[in-house]
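Heads up, the sequence shown is in our numbering, so the first residue is 698 and it goes up one at a time.
Yeah, the Cβ is synthetic: ideal placement off N, Cα and C, and Gly gets one too.
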Amino acid sequence: MPHLLPIADGLPLAAWGDVIGYLVVIVFVVLRYLLSEMGGEKKPKPARPRPAPQPRPVGPPQDDLRSEVDEFLRRAKGLPPREQEPAPQRSLEPAAEPIIIEPNRPRQGQRSRAAGRQAMPAAGRSEPDPHLGGSVQEHVSQHVGHLAESQLAENAARLGEDLGQTDERLEARLKAKFEHRLGRLKQQEEAPLPEVDPLGNVLDARQLAALLASPEGVRNAVVLNEILKRPIDRW
């Protein structure tokens, strides 16, 4: 590079190390690019290419080399480094399809084992022995039944005694009333009848004469006769 010699004469020794480093990098990049181009031509094309992810957009190697040389010259002249251009935005990759994982279905052997385990506790349960009196509930019901029967029998006996005593009392009261009435009838039959004077109700002759002596007495006698005499002829 003859156009770089006048600029390189004024460089200090420290800058020569940077120059050599950049040159080595440039040579390495060029060799890598050439080898990749040669290897791509020799490789046979696959029959069925697999879809590869989209590579990141990268500029050609010549542009990279030129930018590195320009940056080196700017540093040699003492100029500030050039602002880096923003990298192009990556294209949005298509969202990957969700992978559905089916749950592991139990095999036939596992099902039989699970059924056997469920059947074991059911088989382990012991049924109550009928010869030992059954369950506690049956024993309690029998005991309560015996108590109820004995209580009913006792109540029936008490009720029979009460009915017998009531009949005796009723019979005694009826007998006492009958005897009392019979005694009164006997007393009435045995009592003497009062003597009745047949002439006691007959008016004295003198009283009758005095009654008929006055007109008022006559009128009273007629009224008395009408009262005492039945009007048979008028019926």
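Same chain, Cβ closer than 8 Å to residue i, five either side skipped, listed in chain order
i: VAL920; result: none
Sequence-distant residues of its chain with Cβ nearer than 7 Å to residue i (five each side left out)
i: ALA850; result: none
i: LYS872; result: none
i: VAL915; result: LEU909
Of the residues the options, the one placed nearest residue i, counting alpha carbons only
i: PHE769; options: LEU732, ARG729, ILE717; result: ILE717
i: SER764; options: LEU728, SER733, TYR719; result: TYR719
i: LEU771; options: VAL721, LEU732, LEU860, ASP715; result: Looking at the sequence provided, one finds Arg at residue 771 rather than Leu. Minimum Cα distance to ARG771 is reached at ASP715.
i: LEU762; options: ASP859, LEU776, GLY775, ARG729; result: ARG729
Neighbourhood of residue i by C-beta distance below 6 Å, restricted to the same chain and skipping five residues each side
i: LEU789; result: Interpretation of LEU789 is limited by its pLDDT of 49, a score under 50 that renders its predicted location unreliable; no figure is taken from the coordinates.
i: GLY897; result: Low per-residue confidence applies at GLY897: pLDDT is 48, beneath 50, and the placement is therefore not dependable, though the value from the model is reported in the following sentence. Cβ within range, chain order: n/a, list empty.
i: LEU776; result: none
With 16 other Cβ atoms within 10 Å as the buried cut-off, status of residue i
i: GLU913; result: exposed
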